[in-house]
Amino acid sequence: MSLSKSPTHIVVFGRPGSGKSSLAERLCQERGFKLIRTGELLRAAVRRDDYLGRRVSDHLANGTLVPDRLILELLVDSLQAPGSERLLFDGFPRTVGQIPLLAQFERDLGFHIECYLDIHVSRAEAESRMTGRRVCPVCGATYHVKADPPRVPEHCDHDHARLEGRKDDRLEVVRVRQDLYDQHTQPIVDHYRTHAPDRFVVVEGDNSPSPDFIYAETVRKLHFDQLGATS
Ligand code: AMP
1 MSLSKSPTHI
11 VVFGRPGSGK
21 SSLAERLCQE
31 RGFKLIRTGE
41 LLRAAVRRDD
51 YLGRRVSDHL
61 ANGTLVPDRL
71 ILELLVDSLQ
81 APGSERLLFD
91 GFPRTVGQIP
101 LLAQFERDLG
111 FHIECYLDIH
121 VSRAEAESRM
131 TGRRVCPVCG
141 ATYHVKADPP
151 RVPEHCDHDH
161 ARLEGRKDDR
171 LEVVRVRQDL
181 YDQHTQPIVD
191 HYRTHAPDRF
201 VVVEGDNSPS
211 PDFIYAETVR
221 KLHFDQLGAT
231 S
């Protein structure tokens, strides 16, 4: 469905490879949301090597989920007095146990999630997108074997270096990340689809011609006008 007015607080969902993160960044840049991305906040804590960072670093290194009580601690620090800021959550809630945490923040800090946005891409499509990514080890240019191929297969257009896949785009790793999404995040998406159908918006990512198209579809369904202001 589409919303009747543009939301000020959004949670975005999408499996790895859906393009959710780039879309979230663009919504923040162009529509003035503050991005609350738990993965990035956790990485920053590890870089600072503070008390929280030291307790989550093994989870980040192994790709396992950080326990809910530590996510609570992280967000209590990051969400103090959000005031009138528009917030866009990316990566939270990530387990069913974090659903009541979000509700608690809404009550305590006085905001209301007005939209749960699901960038829907099938698992097969997401796996093909991720395993097809290639990067040039010399200049960093990125390609996709199907969607954005180099002129000469597997070689960079700029310096002819042999392209490489990223370590975390190997099929075994991709499958683990997709399994985690199916196991932990899909039930959350299903929860909001059932419990908040009037605030639940799906944008279909399969067979969409480009990220620009998905962005435009999101803007339309979220009722943002085309010029950047919100209605
Ligand atoms: P991401 O960049 O969103 O893939 O997150 C990187 C890592 O941070 C994940 O593999 C988890 O270890 C951890 N993480 C991020 N968000 C959460 C969350 N809401 N709950 C538990 N762990 C999280």
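Per the numbering used here, residue 1 is the first one in the sequence shown, and the count goes up by one each step. Even for Gly, the Cβ is constructed at its ideal location relative to N, Cα and C. These figures come from a predicted structure and were not determined experimentally.
- Counting C-beta atoms within 10 angstroms of its own C-beta, Asp148 has fewer than 16 neighbours from the protein chains shown and is therefore classed as exposed.
- At least one heavy atom of ligand 1 is found less than 7 Å from the C-beta of Val66.
- Between Lys221 and Val189 a beta carbon distance of about 16 Å is seen, past the 8 Å cut, so the two are scored as non-contacting.
- By the criterion of a C-beta distance shorter than 7 Å, Ser22 is surrounded in its chain by Pro211, once the five residues flanking it on both sides are discounted.
- The straight-line gap separating the alpha-carbon atoms of Leu3 and His160 is approximately 48 Å.
- Going by DSSP, Thr38 is part of no beta strand (DSSP E) but of the alpha helix (DSSP H) stretching over 38-48.
- With a cut-off of 8 Å on Cβ pairs, the segment 129-142 is not in contact with the segment 26-34, counting fewer than three such pairs.
- When distances are taken from the beta-carbon of Ile99 to the heavy atoms of ligand 1, even the shortest one reaches 7 Å or more.
- The continuous alpha helix (DSSP H) containing Tyr215 extends over residues 211-221.
- Here Gly17 is not near Asp118, since their CB atoms are 8 Å or more apart.
- Following the DSSP letters along the chain, one finds Phe200 inside the beta strand (DSSP E) bounded by residues 200-204.
- Judged by DSSP secondary structure, Ile119 falls within the beta strand (DSSP E) whose first and last residues are 115-120.
- For Arg69 and Leu79, the gap between their C-alpha atoms comes out near 15 Å.
- In the structure shown, the three-state DSSP call for His59 is helix.
- In this structure, His191 has its beta carbon at no less than 7 Å from each heavy atom of ligand 1.
- The C-beta distance from Arg199 to Glu114 rounds to 6 Å, short enough to fall under 8 Å.
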